[in-house]
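Below: one structure, written as structure tokens.
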Amino acid sequence: MPAIRHASKRKPPPEGFSDIEDDLLIFANKMKDAQNKPSPAGPKHQAQWEVFQIAHQRSRYVYDLYYKKEAISKPLYDWLLKNGYADAMLIAKWKKQGYEKLCCLRCIQTKETNFNSTCICRIPRAQMKEGQDIQCFSCGCRGCASSD
Amino acid sequence: MLKSTYQRADAAAPEALPPGWTEHKAPTGHTYYYNASTKESTYKRPSAQPEAPSIVPTYGPNLSDPSVANAYVAQFNPPPAQQSHRGGFGAGRGGRGGYEGRPKPAPIDKPVKKEPIPGHEPWILVYTKYSRRFVYNPVKKTSFWRIPEKLMPGILELDKERIRRKSGNETDPKSAEPETAEAEEATVQRKEETPTAAPEAYDSSEYEEVEVTDDEDEEGHASKRQRTDDAAPEEEEEPVEFTEADIAAQLQAMGTDYGLEPGDYDDGNMADWPEGAEGVEFSEEDAKLLFKDLLDDFRINPFSPWEKLIEEGRIIEDQRYTALPTTRARKECWDEWSREKIAAQKEQRAKQEKKDPRIAYMALLQEKATPKLYWPEFKRKYKKEPPMKDLNLSDKDREKAYRDLVNRLKTSQATRKTELTTMLKSLPLHVLNNRSLADGLPTQLLVDPRYAALEPSIRDGLIEAYVQGLPPPPDNVEDAKAASDEREKREKRTKALEERNRVIDEEKRQRERDIARGKARLRDGERDIEMAMAVDKTGLRRQLEDAA
Numbered sequence: 013m014p015a016i017r018h019a020s021k022r023k024p025p026p027e028g029f030s031d032i033e034d035d036l037l038i039f040a041n042k043m044k045d046a047q048n049k050p051s052p053a054g055p056k057h058q059a060q061w062e063v064f065q066i067a068h069q070r071s072r073y074v075y076d077l078y079y080k081k082e083a084i085s086k087p088l089y090d091w092l093l094k095n096g097y098a099d100a101m102l103i104a105k106w107k108k109q110g111y112e113k114l115c116c117l118r119c120i121q122t123k124e125t126n127f128n129s130t131c132i133c134r135i136p137r138a139q140m141k142e143g144q145d146i147q148c149f150s151c152g153c154r155g156c157a158s159s160d
Numbered sequence: 029m030l031k032s033t034y035q036r037a038d039a040a041a042p043e044a045l046p047p048g049w050t051e052h053k054a055p056t057g058h059t060y061y062y063n064a065s066t067k068e069s070t071y072k073r074p075s076a077q078p079e080a081p082s083i084v085p086t087y088g089p090n091l092s093d094p095s096v097a098n099a100y101v102a103q104f105n106p107p108p109a110q111q112s113h114r115g116g117f118g119a120g121r122g123g124r125g126g127y128e129g130r131p132k133p134a135p136i137d138k139p140v141k142k143e144p145i146p147g148h149e150p151w152i153l154v155y156t157k158y159s160r161r162f163v164y165n166p167v168k169k170t171s172f173w174r175i176p177e178k179l180m181p182g183i184l185e186l187d188k189e190r191i192r193r194k195s196g197n198e199t200d201p202k203s204a205e206p207e208t209a210e211a212e213e214a215t216v217q218r219k220e221e222t223p224t225a226a227p228e229a230y231d232s233s234e235y236e237e238v239e240v241t242d243d244e245d246e247e248g249h250a251s252k253r254q255r256t257d258d259a260a261p262e263e264e265e266e267p268v269e270f271t272e273a274d275i276a277a278q279l280q281a282m283g284t285d286y287g288l289e290p291g292d293y294d295d296g297n298m299a300d301w302p303e304g305a306e307g308v309e310f311s312e313e314d315a316k317l318l319f320k321d322l323l324d325d326f327r328i329n330p331f332s333p334w335e336k337l338i339e340e341g342r343i344i345e346d347q348r349y350t351a352l353p354t355t356r357a358r359k360e361c362w363d364e365w366s367r368e369k370i371a372a373q374k375e376q377r378a379k380q381e382k383k384d385p386r387i388a389y390m391a392l393l394q395e396k397a398t399p400k401l402y403w404p405e406f407k408r409k410y411k412k413e414p415p416m417k418d419l420n421l422s423d424k425d426r427e428k429a430y431r432d433l434v435n436r437l438k439t440s441q442a443t444r445k446t447e448l449t450t451m452l453k454s455l456p457l458h459v460l461n462n463r464s465l466a467d468g469l470p471t472q473l474l475v476d477p478r479y480a481a482l483e484p485s486i487r488d489g490l491i492e493a494y495v496q497g498l499p500p501p502p503d504n505v506e507d508a509k510a511a512s513d514e515r516e517k518r519e520k521r522t523k524a525l526e527e528r529n530r531v532i533d534e535e536k537r538q539r540e541r542d543i544a545r546g547k548a549r550l551r552d553g554e555r556d557i558e559m560a561m562a563v564d565k566t567g568l569r570r571q572l573e574d575a576a
């Protein structure tokens, strides 16, 4: 178990954290609410969808700030990743071609599916039947192919 | 710009309410009517006659459909000043958050005529009051503003037909209104075919045409003209398979779905738009700038995600939100704006000198510190204060400063005064000078516990008196420093030169002296030799004489 560090002994976060602190707090609150909510009446697998969504949104937020807008510094970005504000593995996928909009890591984990295939949400809209509306099993994604 | 289709309430129905009814304003701004006796409330203005046949035709809108109902209600409650602004109503696709529940005032466009499209039988081309048109399939119950490719030839055929007919019989002067694109098309067409082609060239059995005038005062008085004689009489009232209400609902749904005015989307026949539908000359730059202004005005944090902006929904209510037609465009604009904003902020911060976190903390201590509280107590009591939460100042430093200050507070005032004076005297002139009061006291002074230890009432007078006695600051601290450095160096150089000169002179003198000494020695030698040479033979002769 890692040592519990007292707030007073902690190092301050890198420069620029105060700019994004409020937004990150909003995400944190949303996440807490989603986690503490009694699970919905529907199918069991849907219980975690909201958590996945919020995690995705928050990672996307950090990713956009660092890679797209260049609004935060490298030390701050590293600090955010280290402190669990964003999912580094997911961001690593977003940097790859074809995975720019990936919803969650579970959806490309082929070993966990019966036919060693990716999730339905990875299929481009163009290849789906007309008007077919899907929501993927693992995170409730409605389609995250790069071409959509 | 869409012409207003709303009937002003005062102009349309100034008639008194029937007894028992009272008029009220809903929180949304709509007026509604309430009958205290029957406990009945309605948006519709109740008139003396139970049914209002003047407004509600036999095929009155189906009020169970919310969009129709909204449009219907909007007829009676024109929103103020909506006419002069472009796109005041549509929240667009981005307007999901916080905008529901309120009926959107939408333009009331009505279908006025329809034509079956030859060759594509279930499809109907529907013309609206504002000369927009869309295709409708009553079998599949689908409709499109944008005409699908497969229907294009049929519709082209229809257009040609209409123009040919127009040129054939110029009965209605208003039908000669310019329709540029189609007119051009027609001129091409006339070269190929004779203009006297029969109007009934296409294989349509039933065809009802309604001549529309764009004049809104004559709304509802469109003259109907039965062109074919084999249409059933009951079809005149209930025209085809779907009622006007259906089409109205269809239109409404489409319009509000996209949150657009006719000018906002391209329905393929731009010439058919009512004039002004494109809006006043309004370039894309203007729209972007307007949207950026909106973001500025609402003090949006440029670091916040777009979703948060939409969820909050504050900006959606603003008129400028619709300056950009699509949510995608808005998002792009926001993206651009936030980049600019962040860059500007960065630049500004780089310029701005860093504020010492200790200043705020010492100010807090000045106010709250008391010898009655130990540090842990003080910390617990004021943990909500922002200087206590500042992460840039470590807790250790905070504690140290607090203990120091409290210890000082325990001493007598006279001691603290003298301490402050010695502290002031120790500050160099470029830090503290007679301009310090106007520019703000130096950080060095503000963070000092000796400064905070004295009550402001006594301290300020003391500092003021001391500072006024000081000379002005050296012009610019850095420049002055550089200049003094330079001077020092020069002095050093000159001193070095002098030293060297002195040394050289000394050497020279030494050499001269040496030379002189050498010459003197030489002279001595010469004299000795001379003297030796000058020895004459007298001595020898005397010797010889003596010997002899």
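For the record, the sequence lines run as chains A and B. Using this note's numbering, you'd call the opening residue of the first sequence number 13 and step up by one each time. Using this note's numbering, you'd call the opening residue of the second sequence number 29 and step up by one each time. The beta-carbon is built from N, C-alpha and C at its ideal position, and this holds for glycine as well.
When the beta-carbon positions are compared, A372/B and L318/B stay at least 9 Å from each other. Residue environment: V167/B is assigned as exposed (fewer than 16 neighbouring CB atoms within 10 Å of its CB, all protein chains considered). H52/B carries a strand assignment under DSSP once its states are collapsed to helix, strand and coil. Under DSSP, the beta-bridge partners assigned to Y155/B are K141/B and R161/B.
Here the alpha carbon of R463/B sits roughly 8 Å from the alpha carbon of V495/B. Taking CB atoms only, R22/A has a neighbour in chain B less than 9 Å away. A straight line joining the alpha-carbon of E364/B with that of E335/B spans about 16 Å. Put simply, the CB of I103/A is far from chain B, with every gap to its CB atoms at 9 Å or more.
W362/B sits close to L323/B, with the two beta carbons spaced by under 9 Å. When the alpha-carbon of A100/A is set against those of A83/A, Y75/A, Q109/A and E112/A, the nearest one is in Y75/A.
Fewer than three Cβ pairs drawn from the region 138-145 of chain A and the region 104-119 of chain A lie within less than 8 Å of each other, which leaves the two stretches out of contact.
Counting only residues of its own chain and dropping the five nearest sequence neighbours on each side, Y430/B has a CB closer than 7 Å to the CB of L393, A397, W403 and F406.
For Y62/B, the three-state secondary structure derived from DSSP is strand. For the alpha helix (DSSP H) assignment, the uninterrupted runs of no fewer than 4 residues enclosed by the region 395-453 of chain B are, from N- to C-terminal side, 403-409, 414-417 and 423-438.
The continuous stretches of alpha helix (DSSP H) do not include E68/B, which lies in the beta strand (DSSP E) extending over residues E68 to T70. Annotation: the continuous alpha helix (DSSP H) that includes F64/A extends over W61 to Y75. Following the DSSP letters along the chain, one finds T355/B in no beta strand (DSSP E) but inside the alpha helix (DSSP H) bounded by residues T355 to K379. With a cut-off of 8 Å on Cβ pairs, the region 21-36 of chain A is in contact with the region 326-346 of chain B, counting three or more such pairs. A Cβ-Cβ contact shorter than 9 Å links V163/B with I183/B. Using beta-carbon distances, R137/A does not count as an interface residue toward chain B, since no partner is under 9 Å. If you ignore the 5 residues before and after A98/A, its C-beta comes within less than 8 Å of the C-beta of R70, S71, Y73, V74, Y75 and L92, all in its own chain and listed in chain order.
Contact between P415/B and A388/B is confirmed by a C-beta separation of about 4 Å, below the 8 Å threshold. Contact of N63/B with chain A by beta-carbon distance below 9 Å is absent, the smallest such distance being about 41 Å. A distance below 7 Å between beta-carbons, with the five flanking residues on each side excluded, links F29/A to the following residues of its chain, in chain order: L88. In chain B, no part has a C-beta under 8 Å from the C-beta of I66/A; the shortest such distance is about 11 Å.
Distance check between Q347/B and each of K169/B, K320/B and R367/B places K320/B closest, using alpha-carbon atoms only. Proximity to I120/A across C151/A, Y78/A and K44/A peaks at C151/A, based on C-alpha coordinates.
When Q380/B, K424/B and K409/B are compared, the shortest CA-CA separation from R386/B is found for K424/B. Contact between L465/B and E483/B does not hold, since the beta-carbon distance rounds to 18 Å and is not under 8 Å.
A straight line joining the alpha-carbon of K547/B with that of E519/B spans about 41 Å.
Under the DSSP definition of a beta bridge, S195/B lacks any partner. In the assembly as shown, V140/B is a buried residue. Its beta-carbon has 16 or more other beta-carbons within 10 Å. Within chain A, the residues whose beta carbon sits less than 8 Å from that of N420/B are P24, listed in sequence order. Not a single unbroken stretch of the beta strand (DSSP E) spanning 3 or more residues falls wholly within the region 76-159 of chain A.
A46/A is positioned such that its CB atom lies no closer than 9 Å to that of E27/A.
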